[in-house]
Every structure is written in C-alpha cells, then in structure tokens.
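Visitor: First the structure, which I've put down as structure tokens, then a few questions once you've had a look.
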Amino acid sequence: MNRHETDHAPFQPAWWLPGSHLQTIWPTVCRRPLRHLSLKRERFELDDGDFIDLDWTEKKDGPIVLILHGLEGSIQSPYAKGMLQAVSEQGWRGVFMHFRGCSGEMNRLPRGYHSGETNDVARLVETLLLREKCEKIAAVGFSLGGNVLLKWLGERGVTSPLCAAVGISVPFELGKTATRIRQGFSRVYEQHFMRSLRKKIRDKSAMQPLPVEVPLLKELRSLREFDDKITAPLHGFLNAEDYYKKSSSRQFLKNISVPTLLLQSGNDPFMTKDVLPGPDELSKEVTLELTEQGGHVGFISGKFPWRAEYWLEKRVPAFLQHYL
C-alpha cells in the first residue's frame, strides 16, 4: 500500500467471469453504454501542424484528470466513459485525450502514435496548466496509454507537472507483450488490433504518400511484423526491436517522482509475469498493486451479471482523492 493511502476494498473478481479472457472481453461485449454523460469535444492543434481531439466532461473548473487510452482505443472504448463518469462524480474535470488518428478523423501527417510517443501528452499538459489556470492535474493511462504515461513521467523526473498518476494493465516490456499476444486465445486480440491498424494505414495511404510499403500490409500477420514494417519506419526507429527497446516504460519507472499507482492483473492475457517490474525497479513514489485475476483492463466484480461492478472506477478515484 502506498504510504499516502488509507485502506481500500481489494478486488474480488466476479464468480461468473472466471479466467482472464472473460474478464477482458466482458466490458466490450456486454457493458451497457452510459447514456447520461455529456461530453464536449475540442480540437487541440499541435506544433507540427497535426492535431489531437479531446473529450471534456461538463465541469468548468477544479482539478483535471487526463485519461489516455490503449492501442486503437477511443472515447468509444468500454472503459473510457466509465472512468470519465467516475471522475466527474468526484467533482473533478475529466478530459479524454485521443492519440493521433484515433478520434474518428484521420490525422494530417503520415506519422501516427505509438507506445513511446510522449511529446503530445507533454504539450497538452503544459497547455492545460497555463490555459485552464489549474493547480492540479492527474493522469490515468490504460494499457498503451499507461506505457506512454509512465515513460513520460520517468523522462520528466522531478520536473513532472502532475500531482498523481495511475497506470492500468501496462505492457512494461513491449517486446515480451508482442510475443505473448501471439500465443493461444490471445491471438484473437492480436487479429482484432491488426484489422484496425491495417485499415488505418490503407485509409491514410489513400489520402497521402506514406514512407512505408502499403502493399505489404496483407502479408503482416502479427503486431511485431506491423511494428517492424510500419510503426518503426513511420516514427524514426530502425526496426521493431529498436522501437520496443526505446519505448518500453519499465526502464523509466525508477525515475518517477510523483505518486503513481500501477494496477496489474496476474492473469493478464497480454503479458507474462516476467514483464512486471521488481521492487528495486520502482521509485519510492511508485506502488505496484497486483491482483491474481482481472484480465486486461477488466477487473469486474459483482454478485450477478446484471449487477456488474467495474472496480477500476472505484479504485482509481480512491487513490487520486489523496492528491486532488
């Protein structure tokens, strides 16, 4: 337990969702949409001529909680509006940041986003601190977004402008995650991502020339192959291994200087347990909270399916309230 915290309710997985895959898939397939959360979209222009889109909750003042999504995620991801609503219920301002090209409209430049791209987050937070006259900003990152968040916090060290952070189901070592997702039923998730990534590159190539071989897309069967032939050359890396080595957040954890909670499941189907950092790899401000079950960005509890409870939406605010 983080030294700044009081007791909190531990995660108790729903008995009717045994195993990692049901916990992972349930929110996507079965979660009811939130119909009463009002959001306002903002187009945020970037210094290089590109843009990202933000979705804001209604509140106009107070502490801000920035939410970063996972690979090919968006405001339509099952966890997005749920966490925004949980943030709003605490009286905080929620803002969901779409990575480049993920908001439903293609971004302008050939490049997109990736697991180690921290400049856009840095620029946004810097702007919000000045523009919104906000003294406190916290951030929550899911999966890829968690890797981006932790890498940025480690890069900034003692100069970080955040007051607190949470990383959820973070792929701390990207290369090992790319290997794990090729195994067993996890390949279903990989193929889901691949369909989305291939389509995005095809659509973008129809708009402008790209410095990659688009006809090769049909031959790419894995995320590692996609990262090697598409992600790496688009973003200035030598190959997939160079990208994974430089972008994995595990090596940055020891430099984080703000209170940070890491929520990980021992049966996450996207990674193996050797991806998890050891105590000697964490700074004194970082707490790793490992549950036996929970899947990938699942963590669903509740006595019955019609009364499913999303534990993350209780645990994250309980942590952040100590700093906001």
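In this text, residue positions in the sequence shown follow our numbering: the first is 32, and each later residue adds one.
Beta carbons are placed, not taken as given, at the ideal position from N, Cα and C, and that holds for glycine.
(1) Please classify glycine 147: does DSSP put it in a helix, a strand, or coil?
(2) Would you tell me roughly how many angstroms separate the C-alpha atoms of leucine 159 and cysteine 165, rounded to the nearest one?
(3) Looking at C-alpha atoms only, which residue of His353, Phe330, Lys231 is the closest neighbour of glutamine 43?
(4) Name the DSSP beta bridge partners of glutamate 73, please?
(5) Should the segment 185-202 be regarded as contacting the segment 253-264, the criterion being three or more beta carbon pairs within less than 8 Å?
(6) By a C-beta neighbour count over all protein chains shown, 10 Å radius and 16 as the cutoff for buried, is histidine 100 buried or exposed?
(7) Serine 296 by DSSP, collapsed to three states: which one?
(8) Assuming leucine 29 contacts glycine 198 under a Cβ cut-off of 8 Å, what Cβ separation, rounded to an integer in Å, is found between them?
(9) Taking the C-alpha atoms as reference points, what is the distance between serine 314 and threonine 291?
(10) May I ask you to list the residues that DSSP assigns as paired with phenylalanine 173?
(11) Compare the C-alpha of arginine 276 against each of Arg255, Val289, Ser296, Pro246 and name the closest.
(12) In the DSSP output, what is isoleucine 331 paired with across the bridge?
(13) If distances are taken between C-alpha atoms only, which option among Ser227, Ala117, Pro336 comes closest to glutamine 352?
(14) I'd like to confirm the pairing. Which residues does DSSP put opposite leucine 97 in its beta bridges?
(15) Give the DSSP-derived three-state secondary structure of leucine 265 in the structure shown.
(16) Could you tell me the boundaries of the beta strand (DSSP E) in which glutamate 320 lies?
(17) Report yes or no: do the segment 82-91 and the segment 333-344 share at least 3 C-beta pairs separated by less than 8 Å?
(18) Determine, using beta carbons only, whether methionine 114 and glutamate 344 come nearer to each other than 8 Å.
(19) Let me make sure I understand the geometry here. Which of Gly326, Lys334, Asn298, Gln282 has the alpha-carbon closest to that of glycine 309?
(20) Kindly indicate which residue of Tyr144, Arg162, Pro49, Leu161 has the alpha-carbon position closest to the one of asparagine 178.
(21) Phenylalanine 7 and isoleucine 95 look like a contact to me (Cβ under 8 Å); what is the Cβ gap, rounded to whole Å?
(22) Would you call the CB atoms of lysine 260 and valine 243 closer than 8 Å?
(23) Taking 6 Å as the limit between beta carbons, can you name the residues of its chain near leucine 70, skipping five residues before and five after?
(24) For arginine 226 and isoleucine 168, what's the separation of their Cα atoms in angstroms?
(25) When you compare each of His327, Val328, Gly326, Leu307 to leucine 319 by their alpha carbons, which one comes out closest?
(26) Just mark proline 109 as buried or exposed, buried being the case when its beta carbon has 16 or more other beta carbons within 10 Å.
(27) Give the single residue among Ala196, Gly325, Lys304 whose Cα lies nearest to the Cα of tyrosine 354.
(28) Which of the three DSSP states, helix, strand or coil, is assigned to methionine 32?
(29) Which partner residues does aspartate 291 have in the DSSP bridge list?
(30) What do you get for aspartate 299, buried or exposed, if any count of 16 or more other CB atoms within 10 angstroms of its CB means buried?
(31) Whose C-beta lies closer than 8 Å to the C-beta of leucine 241 among residues of the same chain, with five residues either side of it excluded?
Guide: Reading off the structure:
(1) coil
(2) 7 Å
(3) Phe330
(4) Leu85
(5) no
(6) buried
(7) strand
(8) The requested residue 29 does not occur in the structure, where the chain is confined to residues 32 to 355.
(9) 9 Å
(10) Ile199
(11) As written in the sequence, residue 276 is lysine, which differs from the arginine given in the question. Answer by Cα proximity: Arg255.
(12) Tyr341
(13) Ala117
(14) Val126, Ala170
(15) helix
(16) 317-322
(17) no
(18) yes
(19) Gln282
(20) Tyr144
(21) Outside the displayed range of the chain (32 to 355) lies residue 7, so it cannot be described from this structure.
(22) yes
(23) Asp86
(24) 35 Å
(25) Leu307
(26) buried
(27) Ala196
(28) At methionine 32 the pLDDT is 41, less than 50, meaning the model places this residue with poor confidence; the figure from the coordinates comes in the next sentence. Coil.
(29) The displayed chain sequence assigns threonine, not aspartate, to residue 291. According to DSSP, threonine 291 bridges with Ala196, Val317.
(30) buried
(31) Pro141, Ile232, Lys235, Leu265
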